[in-house]
Amino acid sequence: MIRAATVALFVSILISSGSPVAAQENLSIHKLEWQRHRFEATNPSLIGDRSQPIQPLNTRLAKPRALKATVFGYLPYWSSSDYLRFDLLTHIAAFSVEVNADGTLGNDHGWPWTSLINRAHSQGVKVILVATLFDGAKISTLISSQSNRQRFFANIKAKMLEG
Numbered sequence: 657m658i659r660a661a662t663v664a665l666f667v668s669i670l671i672s673s674g675s676p677v678a679a680q681e682n683l684s685i686h687k688l689e690w691q692r693h694r695f696e697a698t699n700p701s702l703i704g705d706r707s708q709p710i711q712p713l714n715t716r717l718a719k720p721r722a723l724k725a726t727v728f729g730y731l732p733y734w735s736s737s738d739y740l741r742f743d744l745l746t747h748i749a750a751f752s753v754e755v756n757a758d759g760t761l762g763n764d765h766g767w768p769w770t771s772l773i774n775r776a777h778s779q780g781v782k783v784i785l786v787a788t789l790f791d792g793a794k795i796s797t798l799i800s801s802q803s804n805r806q807r808f809f810a811n812i813k814a815k816m817l818e819g
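Structure representation (C-alpha cells):
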C-alpha cells in the first residue's frame, strides 16, 4: 500500500501578490522569511539519518489529547524541531519544496526529513509537505496550463511519497 495511508498528503501553494500596489509589492511573511533564509542549508536535525526507514503514523497514541481541532505547526527548513510541542499539534507543515512555473520542482531542501517525520509520527502528528511558488505571474503560468498542472501534480505526489 502506498505510504499515503500513513502520511497526510497536502499541497499548499503560498501566494503573494504579483501586482504592485502603490508601487510597492505586498509581501507575505512567508515570502519575506523565505527571502531572508533562502540561501541557508536545511537544518541537519530535520533530515537525520537517511538510512533509517520512515516510521508509520502512530494512530493509537495512548496519551490524552486536549486538542479538539486541527492544529498546524509551521516548520521552515532552516529551523530546528527541538522545541516543538508535539503534544499541542495535529499536523506540521514542512516548509518547503519550491515549484517552477512549468510544474517541475526546484529545491526540495533535503526532503524527506526523516528525523522530523519519525519524531512527529511517533507522537501521532502528521507531516505535510508545503509547496511554494511566490511569483503571481509564474503561478498563473502554472495553473493556466493543463500540462504544467499535470506535471506539478505528478512531481509533487512523487515527492510527498518519498516521505
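For the sequence shown, the working numbering begins at 657 and goes up steadily by one.
By construction, the Cβ of each residue, glycine as well, lies at the ideal position given by its N, Cα and C atoms.
Measuring straight from C-alpha to C-alpha, what distance separates residue i and residue j?
i, j, result
"residue 761", "residue 716", "35 Å"
"residue 764", "residue 743", "27 Å"
"residue 756", "residue 772", "26 Å"
"residue 779", "residue 714", "7 Å"
"residue 807", "residue 748", "25 Å"
"residue 683", "residue 696", "20 Å"
"residue 735", "residue 685", "15 Å"
"residue 729", "residue 767", "18 Å"
"residue 811", "residue 792", "20 Å"
"residue 803", "residue 759", "8 Å"
What first and last residue would you give for the alpha helix (DSSP H) that runs through residue i?
i, result
"residue 810", "802-818"
"residue 688", "685-693"
Residue range of the beta strand (DSSP E) that residue i falls in?
i, result
"residue 785", "782-788"
I think residue i touches residue j, with their Cβ atoms under 8 Å apart; what is that distance to the nearest whole Å?
i, j, result
"residue 752", "residue 698", "Their Cβ separation, rounded to whole angstroms, is 11 Å, which puts residue 752 and residue 698 out of contact at 8 Å."
"residue 706", "residue 770", "6 Å"
"residue 702", "residue 733", "7 Å"
"residue 785", "residue 813", "About 10 Å; that fails the 8 Å criterion."
What would DSSP say about residue i, mapped onto helix, strand or coil?
i, result
"residue 774", "helix"
"residue 793", "helix"
Problem set entry | Ordered list of alpha helix (DSSP H) runs contained in the region 699-772, each at least 4 residues | Qualifying alpha helix (DSSP H) stretches, in chain order: 700-703.
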